[in-house]
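Below is one structure, written out as structure tokens, with a few remarks after it.
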Amino acid sequence: MKQLQLFAIALGFLSIQTACQSEKKNTVNTGLTDSSAISSSNSIASFKYDSVKVYSTPPVSPDKKVTDTSKAVISYPVFADESANNFVLGKIMETADEGKKYNSYKAYADDFIKAFDDFRKSEKDYPQTWFLDINTEVIRQSENYLGLQIAYVNYSGGAHPNSIYTYLNYTPKTAKEISLDSLILPGSMDKLTAIAEQIFRKNEELSTTASLKDGYFFENDKFKLNNNFTITDKGLKFLYNPYEIKAYVYGTTELLIPFSELKTIAKPNSLISK
15 MKQLQLFAIA LGFLSIQTAC QSEKKNTVNT GLTDSSAISS SNSIASFKYD
65 SVKVYSTPPV SPDKKVTDTS KAVISYPVFA DESANNFVLG KIMETADEGK
115 KYNSYKAYAD DFIKAFDDFR KSEKDYPQTW FLDINTEVIR QSENYLGLQI
165 AYVNYSGGAH PNSIYTYLNY TPKTAKEISL DSLILPGSMD KLTAIAEQIF
215 RKNEELSTTA SLKDGYFFEN DKFKLNNNFT ITDKGLKFLY NPYEIKAYVY
265 GTTELLIPFS ELKTIAKPNS LISK
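Here the numbering used here runs 14 ahead of the position in the sequence shown, where the first position is 1.
In structure tokens form, the structure reads like this:
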């Protein structure tokens, strides 16, 4: 089981000076994190990262030596293709609290800081800061595939931050999101789940008959795949977030299904038919 990696992120947020700015970063070429990525001439072959940062201005302590402040940071790739940019924007906006809708990254960050400032007005003795960090990265890229990951970390009080890691799968040529059903043969979901459970049990050092009731949060104690997947150079990888199937302390759980295990259920000429 993996060790949680969120508190290092949290600590880094609590020592920033008051400001409000938008940062632009250097252009990034195809193949950012995947050596097998294919360089192409299409409009997502290169991109740059940009970010919006908003800070709270009221001090959290009358002690002038305390410079910590609440902070909202949203980082994202910018492509020449507007369809790809709108896809990423829409997915990041889906991380907002229920009922909240924003039309820009700046509006999202501004509202988070406003919520903190409003809270501080009624809780003047509250000693802690809040932070929001949403970091979206390109993790794999080719002519037919754009894979991204949104790392969402939010602390608005409590024992620890809330974190969600979400994979995004996008087809540049059609400007559409890739679904799991589009990769596997009709009626093969049960077989994919069975293959995944074998790998999961091996990774967790569980026998084929061991109950999933103790230590896991599967509904009705039955193994289930989620829809949070990405396509790597080795296979189809799923990721379960903290609290999704295990206690928070265990962090995320990854499950990689090698291409060799997908041969009988992969759709011909799909991204997983290796």
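For every residue, glycine included, the Cβ atom is placed at its ideal position computed from N, Cα and C.
Close beta carbons around residue i, own chain, < 7 angstroms, minus the five adjacent residues each side
i, result
"Q35", "Here the model assigns Q35 a pLDDT of 41, short of 50, so the residue's position is not dependable and the matter cannot be decided."
"D235", "S225, L226 and K227"
"E211", "F237"
"F130", "S70, S84 and W144"
"N241", "L194"
CB contact flag (residue i, residue j, <8 angstroms)
i, j, result
"Y166", "T109", "yes"
"F273", "I286", "yes"
"Y159", "I245", "yes"
"L103", "F126", "no"
"F189", "S284", "Checking the sequence, you will find Ala at residue 189 rather than Phe. It is not a contact, given that the beta carbons lie outside the stated cut-off."
"A86", "A59", "no"
"I279", "S202", "yes"
Own chain residues within Cβ distance below 8 angstroms of residue i, not counting five before or after
i, result
"T207", "F237, K238 and L239"
"V92", "F61, K62, Y63, D64 and N99"
"V42", "Any reading at V42 must be qualified, since the residue scores a pLDDT of 44, below 50, and its modelled position is unreliable; the value itself is stated next. The residues are S60, F61, K62, Y63, P91 and V152."
"F101", "L182, Y184, A189 and E191"
Member of the options whose CA lies at the smallest distance from the CA of residue i
i, options, result
"K281", "T81, S193 and T188", "S193"
"E268", "Y254, I279 and A261", "Y254"
"K216", "D195, Y179, L250 and L270", "L270"
"L276", "N149, L199, L220 and I178", "L199"
"D247", "K288, I279 and S118", "K288"
"F133", "G171, D111 and E191", "G171"
"N176", "E191, K135 and D111", "D111"
"K187", "T81, D77 and D95", "D95"
"E289", "E218, S136 and G161", "One cannot answer for residue 289 here, as it falls past the ends of the chain, which runs 15 to 288."
"L250", "K114, S118 and R154", "R154"
Cβ separation of residue i and residue j, assumed to be a contact under 8 angstroms, to the nearest whole Å
i, j, result
"F243", "F252", "5 angstroms"
"W144", "Y116", "With 8 angstroms as the limit, W144 and Y116 do not qualify as a contact, their Cβ atoms being about 17 angstroms apart."
"Y90", "H174", "Contact flag wrong, Cβ pair sits at about 25 angstroms."
"I148", "I106", "6 angstroms"
Residues near residue i by beta carbon distance below 6 angstroms, same chain, minus five either side
i, result
"E151", "Q163"
"G229", "none"
"A22", "Confidence at A22 is low in this model, with a pLDDT of 39, below 50, so the placement of that residue is unreliable and no value is reported for it."
"I178", "Y166 and N255"
"D139", "none"
Chain C within 8 angstroms of residue i, Cβ atoms only
i, result
"A173", "Considering every chain present, this structure includes no chain C. It has just one protein chain."
(message) I want to know whether the segment 202-216 touches the segment 169-188 - three or more CB-CB distances under 8 angstroms.
(response) no
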